[in-house]
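The structure under discussion appears below in the form of structure tokens.
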Amino acid sequence: MNRKARAVWQGTGKDGTGQLTSDSGVLSSTPYSFKTRFENEKGTNPEELIAAAHAGCFTMALAFQLQNAGFTPTELATEAVVSVEQQGGGFTITRSALTLNANVPGIDRAKFEELARAAEKNCPVSKVLNAEITMNFTLE
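Number 87 in this note's numbering belongs to position 100 of the sequence shown; there are no gaps in the numbering.
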């Protein structure tokens, strides 16, 4: 399974603008820029997309963990906060903090924590920074 997204950028890093498009169409020339990333202008940014991906991936992984253990959640609601800090001459994503509110009938706290920790550790987005990164390019 491969999922694709494209970024197009025009201009300099600080004054330029970009658009993000995903094959699913959920992102379609969605604007991003220095201002959407660092100054909260309307649009998106990579860290927000990582936060959405982490919240979604973890929550679905937990739903599967619960299902496999015989529990059906009424609701799982997760917020992910991705932190970016300046380090040296650039920026680093230093943390993704998940906050989960769950309603799962019939489960005790210890079992829920066991399943939630397994989902946190094993969802693909949690593992992403350990993934192989490849890069190919064409220079025109």
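Glycine included, every Cβ here is placed at the ideal spot set by N, Cα and C.
Computed from a predicted model, the values in this text were never measured in an experiment.
What's the C-alpha gap between C44 and G76?
Position 57 of the sequence shown, counted from the start, is the residue given in the question as residue 44. Position 89 of the sequence shown, counted from the start, is the residue given in the question as residue 76. Going from the Cα of C44 to the Cα of G76 covers about 31 Å.
Could you check the C-alpha separation between A64 and N90 for me, to the nearest Å?
Your numbering for residue 64 matches position 77 in the sequence shown. Your numbering for residue 90 matches position 103 in the sequence shown. When rounded, the distance between both Cα atoms is 9 Å.
Please say whether P18 and G30 have beta carbons closer to each other than 7 Å?
Taking the first residue of the sequence shown as position 1, residue 30 is located at position 43. Taking the first residue of the sequence shown as position 1, residue 18 is located at position 31. Against a cut-off of 7 Å, the Cβ pair of P18 and G30 comes out as a contact.
Using 10 angstroms around the beta-carbon of T23, count the other beta-carbons present and answer buried if the total reaches 16, otherwise exposed.
Here residue 23 is taken as the residue at index 36 of the sequence shown, counted from 1. T23 is buried by the Cβ-count criterion.
With a Cβ-Cβ cutoff of 7 Å, do I94 and F51 count as a contact?
Position 107 of the sequence shown, counted from the start, is the residue given in the question as residue 94. Position 64 of the sequence shown, counted from the start, is the residue given in the question as residue 51. Cβ atoms of I94 and F51: not closer than 7 Å.
To the nearest angstrom, report how far apart A105 and S113 are at their CA atoms.
Taking the first residue of the sequence shown as position 1, residue 105 is located at position 118. Taking the first residue of the sequence shown as position 1, residue 113 is located at position 126. Answer to the nearest angstrom: the Cα atoms are 11 Å apart.
By DSSP, does F58 sit in helix, in strand, or in coil?
In the sequence shown, residue 58 corresponds to position 71, counting from 1. Here F58 sits in coil by DSSP.
So, with DSSP's three-state summary, where would you put V115?
As a first step, residue 115 must be located in the sequence shown, where it is residue number 128. Reduced to three states, the DSSP call for V115 is helix.
From the DSSP output, read off the bridge partner residues of I80.
As a working note, residue 80 is residue 93 in the sequence shown. Answer by DSSP bridge pairing, in chain order: V71.
Does the distance from the CB of L85 to the CB of A67 come in under 7 Å?
Position 98 of the sequence shown, counting from 1, holds the residue named residue 85. Position 80 of the sequence shown, counting from 1, holds the residue named residue 67. Result yes, Cβ atoms of L85 and A67 sit closer than 7 Å.
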